[in-house]
Structure formats: C-alpha cells, structure tokens
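Beneath this line is the structure, given in structure tokens, with notes to follow.
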Amino acid sequence: MAKIIVLGAMKGGVGKSVSTYNLAYSLKKLGKNVLMVDFDGSANITKCVVENMKTVKISIGDLMLNQMDKEEQPNPAEYIINRNGVDFIPSSQMLSAVDAKSRLEMGAEKILACILEPFRKEYDYILIDTCPSLNALTINALSVADELIIAADTQFWAMTGLEDYLGTVKKIKNRINSRLEVSGILLTMCEERTNLCKVITQEVEDQFNGKPRIFNSKIPRNIKVGESVYYGEPLLEYAPRTKACKMYQNLAKEVIADEK
Ligand SMILES: Nc1ncnc2c1ncn2[C@@H]1O[C@H](COP(=O)(O)OP(=O)(O)OP(=O)(O)O)[C@@H](O)[C@H]1O
Ligand SMILES: [Mg+2]
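The structure is reproduced here in structure tokens:
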C-alpha cells in the first residue's frame, strides 16, 4: 500500500518541485515503485517530464473536473506517463480553474483523494507537488496525504509562518484527514559558506522542541540543480556526483527508514 507524501511550503520558490522530482527518482533507484503527481497549475514538473506541453492530453485538472462532473475517469493508461521508470500524472494551467470551481462542490477537499486512493495498491510511494499557497488545491492534497514534507530554503525568514502553517495542518488532521503527519522540514538551497543551515536547525529545535524534525539530509545550493531542471533530467542522470544528488538519495533513505 502506497504512502502518499505531499511536498508543501510556506512560500514559493523554495525547491518543492525540484525536491519532489529528485526524491521520486531517488526512491525509484532504491527499488521503490513511485507515482509522481504534479498538482501545481504552473506545471513545473510537467515541463521537465514532457518535451511539449501540447502532448499532454489529460492532466490532473481534467481528472479533477471529471471527478466533480461525472465521477468517472478514463483508463489510467491514457494519462499516466512513464519516464525512466517513474510514473507521472501531469498538470496544466487548467488546474487554476479547478480551484475556483471546487469551492462550490460538496466534499470539495476530497476530490483528489477519490482520484488517487485507487492507486495506493499499485505503488510504494505517491509524491504530490503542490503550489506555493495553502489554497483549496493544497488542502485537497493534504486531505489524501499520509505525510507532509515542508520544504524551506535557508534564508533569514525561512521559518516565518511555520507556526500558522502547522496550525492549518493540525486543523486538516482534526477535521478532514486524521492520518496526516508532518514527516519533517527539508532544508533546501543551503549555502555551504554560511552558517544559516545550522542556525535554522537550532531555531526549530528551540522554538518547536524539534517537532517537526529537520531532515538530516540538507540540500546544498548548486548551479547544476537549475541546469538539470532546464534539461528536464533528475540529478541522478544529470549530475549524479554532486552533493545535492547524494543528499536527495539520503533523503530517500530517511523517508524509507520511516516505514519501519
Ligand atoms: N538546491 C538548489 N540549488 C540551486 N538552485 C535550486 C536548488 N533547488 C531549487 N533550485 C532552483 O530554485 C528555483 C525554485 O525551485 P522550485 O521550482 O523547485 O521551487 P518551488 O518551491 O517548487 O517553486 P514554486 O513555489 O514556484 O512552485 C528553480 O529555478 C530551481 O531550479
Ligand atoms: Mg513548484
């Protein structure tokens, strides 16, 4: 039975999509069967996976609309893309329209759950990339998740809003999805030259008693990461020897260690 993990964040541009993408391939390398879902209308991961957006005939937005309108879906073979051993459900701009429409829908938070639950028996992990705000779509993702990984860059204000964010997650857990747990904070774009990674780790330790934990795997800032996105390749293919790549592999090990 798959564990469903959502990558979320308090703000945009902190490496959620890059982390979802690379964690998926790192888990795959460790022998896990992975489904990756792009649940952000800006479709960043989709643009990495497919060469031309025009080839995307059915996106997660279509599946959301189908679920609302007729509760019927096409055969998964018509929309799941397999790239180098990882299965993928693409996104498109249309997802933004779904956000507005879903607000009027009965049981609106559970639409994505209806789509993904049937896949649990086929995968070890389902990873969902989300958009940079806690909107109706992100709440949908958290309503089907077992775990949330919070991505945070290592800027001075990285942990601003963490308390409010955790408060909302707690509400979702209490009201909609009792399984939901925060699995940890993933520090991204760590500058090796500065001490901020350590300072922020200590700050969370002091302020939140180490709960949520900060993953031991901290992702360094590396120009190769941006390049790999440009060429649409996971780090395991584009720059396997970089520390960033090794850290994503370590992260996959930390995630798997939670199984026990
Ligand atoms: N470790 C890293 N080193 C260098 N650049 C990085 C690293 N991680 C991510 N980036 C770059 O930072 C930018 C933002 O990353 P990404 O798109 O993954 O963030 P995001 O949180 O998904 O953003 P959004 O909120 O817009 O969806 C991208 O240009 C990406 O290439
Ligand atoms: Mg993103």
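1 is the number of the first residue of the sequence shown in full-length UniProt numbering; add one for each residue after it. Virtual Cβ for every residue (Gly too), placed ideally from N, Cα, C.
Practice task
Scan the segment 35 to 92 and note each continuous beta strand (DSSP E) run of 3 residues or more that stays entirely inside, going in chain order.
Solution key: Counting only unbroken stretches of 3 or more residues, the beta strand (DSSP E) elements lying wholly within the segment 35 to 92 are 81 to 83, 86 to 89, in sequence order.
Exercise for the section: With DSSP as the reference, label A9 as helix, strand or coil. Expected result: Residue 9 sits at position 9 when you count from the first residue of the sequence shown. Collapsing the DSSP output to three states places A9 in coil.
Handout entry: Sequence-distant residues of its chain with Cβ nearer than 6 Å to T46 (five each side left out)
Key = Position 46 of the sequence shown holds residue 46. Exclusion of the five residues before and after T46 leaves D38, P90, S91 as the residues of its chain whose Cβ lies within less than 6 Å of its Cβ.
Handout entry: N140 vs E109 beta-carbon contact at 9 Å
Key = Walking along the sequence shown from the start, residue 140 turns up at place 140. Walking along the sequence shown from the start, residue 109 turns up at place 109. Taking a C-beta distance under 9 Å as the contact criterion, N140 and E109 qualify as a contact pair.
Handout entry: DSSP three-state assignment for T242, whether helix, strand or coil
Key = Counting from one through the sequence shown, the residue named residue 242 turns up at place 242. When secondary structure is reduced to three states using DSSP, T242 falls in the coil class, being assigned neither helix nor strand.
Problem - Length of the line joining the Cα atoms of K28 and R83 - result: Translated into the one-based positions of the sequence shown, residue 28 becomes position 28. Translated into the one-based positions of the sequence shown, residue 83 becomes position 83. The alpha-carbon separation between K28 and R83 amounts to approximately 11 Å.
Problem - Identity of the residue in N216, L104, L35 nearest Y79 by Cα - result: Translated into the one-based positions of the sequence shown, residue 79 becomes position 79. Proximity to Y79 across N216, L104, L35 peaks at L35, based on C-alpha coordinates.
Exercise for the section: Count the other CB atoms, across all protein chains shown, that sit within 10 Å of the CB of T55; report buried if there are 16 or more and exposed otherwise. Expected result: Working through the sequence shown from its first residue, we reach residue 55 at position 55. Counting C-beta atoms within 10 angstroms of its own C-beta, T55 has fewer than 16 neighbours from the protein chains shown and is therefore classed as exposed.
Problem - Pairwise C-alpha distance: I150 and K11 - result: As a first step, residue 11 is located in the sequence shown; it is residue number 11 there, counting from the start. As a first step, residue 150 is located in the sequence shown; it is residue number 150 there, counting from the start. Distance from the CA of K11 to the CA of I150, rounded to the nearest whole angstrom, comes to 10 Å.
Problem - Test item: CB-CB of L236 and S26 under 9 Å - result: Mapped onto the sequence shown, residue 236 falls at position 236. Mapped onto the sequence shown, residue 26 falls at position 26. Yes.
Exercise for the section: Name the residue from P132, G232, G61, I172 whose alpha carbon lies nearest to the alpha carbon of D99. Expected result: Walking along the sequence shown from the start, residue 99 turns up at place 99. Distance check between D99 and each of P132, G232, G61, I172 places G61 closest, using alpha-carbon atoms only.
Practice task
Quickly, what does DSSP pair E181 with across the bridge? List them, please.
Solution key: For the purposes of this step, residue 181 is taken as the residue at position 181 of the sequence shown. For E181, which the question treats as bridged, DSSP gives the partners E147.
Handout entry: Continuous alpha helix (DSSP H) stretch holding Y125: start and end
Key = The residue labelled residue 125 in the question sits at position 125 within the sequence shown. Y125 -> not in any alpha helix (DSSP H); beta strand (DSSP E) instead, spanning 125 to 130.
Practice task
Following the continuous alpha helix (DSSP H) through residue 267, name the residue where it begins and the one where it ends.
Solution key: Outside the displayed range of the chain (1 to 260) lies residue 267, so it cannot be described from this structure.
Problem - Alpha carbon of E163 to alpha carbon of L65, nearest angstrom - result: Here residue 163 corresponds to residue number 163 of the sequence shown, with the count starting at 1. Here residue 65 corresponds to residue number 65 of the sequence shown, with the count starting at 1. If you take the alpha carbons of E163 and L65, they lie about 33 Å apart.
Exercise for the section: Output the boundary residues of the alpha helix (DSSP H) element that contains R213. Expected result: Here the question's residue 213 lines up with position 213 in the sequence shown. Element bounds for R213: n/a, residue is neither H nor E.
Exercise for the section: May I ask you to report which of helix, strand or coil DSSP gives A252? Expected result: In the sequence shown, residue 252 corresponds to position 252, counting from 1. Note: A252 maps to helix in three-state DSSP.
Exercise for the section: May I have the straight-line CA-CA distance separating I172 from V182, to the nearest angstrom? Expected result: As a first step, residue 172 must be located in the sequence shown, where it is residue number 172. As a first step, residue 182 must be located in the sequence shown, where it is residue number 182. Each residue's alpha carbon lies about 12 Å from the other.
Practice task
Check whether the Cβ of P132 lies closer than 8 Å to any heavy atom of ligand 2, and answer yes or no.
Solution key: Here residue 132 corresponds to residue number 132 of the sequence shown, with the count starting at 1. Taking 8 Å as the cut-off, the C-beta of P132 counts as close to a heavy atom of ligand 2.
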